[in-house]
Amino acid sequence: MVGRTEFFKQCYAGLIYKGDPWDTGICQWLPSSGSALPILTTGGKKPDKQDRYNGPLEVTITCPDKGTAMRYTLDGSEPTAQSQMYRGPIKLTQAGRHEIRIKAFKGGLAQDTVIAVYDLKPANDKP
Numbered sequence: 002m003v004g005r006t007e008f009f010k011q012c013y014a015g016l017i018y019k020g021d022p023w024d025t026g027i028c029q030w031l032p033s034s035g036s037a038l039p040i041l042t043t044g045g046k047k048p049d050k051q052d053r054y055n056g057p058l059e060v061t062i063t064c065p066d067k068g069t070a071m072r073y074t075l076d077g078s079e080p081t082a083q084s085q086m087y088r089g090p091i092k093l094t095q096a097g098r099h100e101i102r103i104k105a106f107k108g109g110l111a112q113d114t115v116i117a118v119y120d121l122k123p124a125n126d127k128p
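Converting from the sequence shown to the working numbering requires adding 1 to each position, the first position being numbered 1.
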């Protein structure tokens, strides 16, 4: 069935993971109130069939809402208003699993934490 849907306010579609980042995700509409969630990209670099990347890898983070302060951690801890401010691509060079947690702060309010996991192959691994 094909139909037309009209939205009266802007919404973002997103993949939401509840709990473990390797669990199955659900796609749902995200409200646009407050700041939109940050978006992480790898500059076109794609993982192999085992979801592993050849290093080094640069992860760029953008937020659709201008004027947000994006803060992140690389140690698995929850980002706070005192965490490292995102100012440019995060360069991952060491082989292994890397977890980036990022949160957008705007007007004293914080959005949900976005978690991205990147697995880099050892340098001597064959493609």
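Every residue gets a Cβ at the ideal spot worked out from N, C-alpha and C, and that includes glycine.
Inspect the beta-carbon positions of tyrosine 119 and leucine 58 and report whether they are closer than 8 Å. What you label residue 119 is simply residue 118 of the sequence shown in a count that begins at 1. What you label residue 58 is simply residue 57 of the sequence shown in a count that begins at 1. Against a cut-off of 8 Å, the Cβ pair of leucine 58 and tyrosine 119 comes out as a contact.
Can you list, in chain order, the residues of its chain with a C-beta nearer than 7 Å to that of leucine 93? Leave out the 5 residues immediately preceding and following it. The count along the sequence shown starts at 1 and reaches residue 93 at position 92. Sequence-distant partners of leucine 93 (beyond 5 residues in either direction) whose C-beta falls short of 7 Å from its own C-beta, in its chain, are Gly56, Pro57, Leu58, Val60, His99, Tyr119, Leu121.
Hey, leucine 40 and leucine 75: beta-carbon distance below 8 Å or not? The residue labelled residue 40 in the question sits at position 39 within the sequence shown. The residue labelled residue 75 in the question sits at position 74 within the sequence shown. Per the sequence presented here, residue 40 reads as isoleucine, with leucine not at that position. Going by C-beta atoms, isoleucine 40 is not nearer than 8 Å to leucine 75.
Leucine 121 - DSSP class collapsed to helix/strand/coil: Numbered from its first residue, the sequence shown carries residue 121 at position 120. Here leucine 121 sits in strand by DSSP.
Work out the CA separation of proline 123 and glutamate 79 for me, nearest whole Å. The residue you call residue 79 lines up with position 78 of the sequence shown. The residue you call residue 123 lines up with position 122 of the sequence shown. Computed Cα separation, rounded: 28 Å.
Through-space distance from glycine 109 to glycine 44, alpha-carbon basis: Position 43 of the sequence shown, counting from 1, holds the residue named residue 44. Position 108 of the sequence shown, counting from 1, holds the residue named residue 109. Cα-Cα distance, rounded: 31 Å.
What residue from Phe106, Tyr87, Thr81 has the CA that sits closest to aspartate 66's CA? The residue given as residue 66 occupies position 65 in the sequence shown. Out of Phe106, Tyr87, Thr81, the CA that lies nearest to the CA of aspartate 66 is found in Phe106.
Kindly give me the distance between the Cβ atoms of isoleucine 116 and tyrosine 73, rounded to whole angstroms, as I take these residues to be in contact under 8 Å. Working through the sequence shown from its first residue, we reach residue 116 at position 115. Working through the sequence shown from its first residue, we reach residue 73 at position 72. In this structure isoleucine 116 is not in contact with tyrosine 73, their Cβ atoms being roughly 10 Å apart against a cut-off of 8 Å.
Best match in Gln95, Gly68, Gln85, Ile62 for proximity to arginine 53 [C-alpha to C-alpha]: The residue you call residue 53 lines up with position 52 of the sequence shown. Selected option, being the one with the closest Cα: Gln95.
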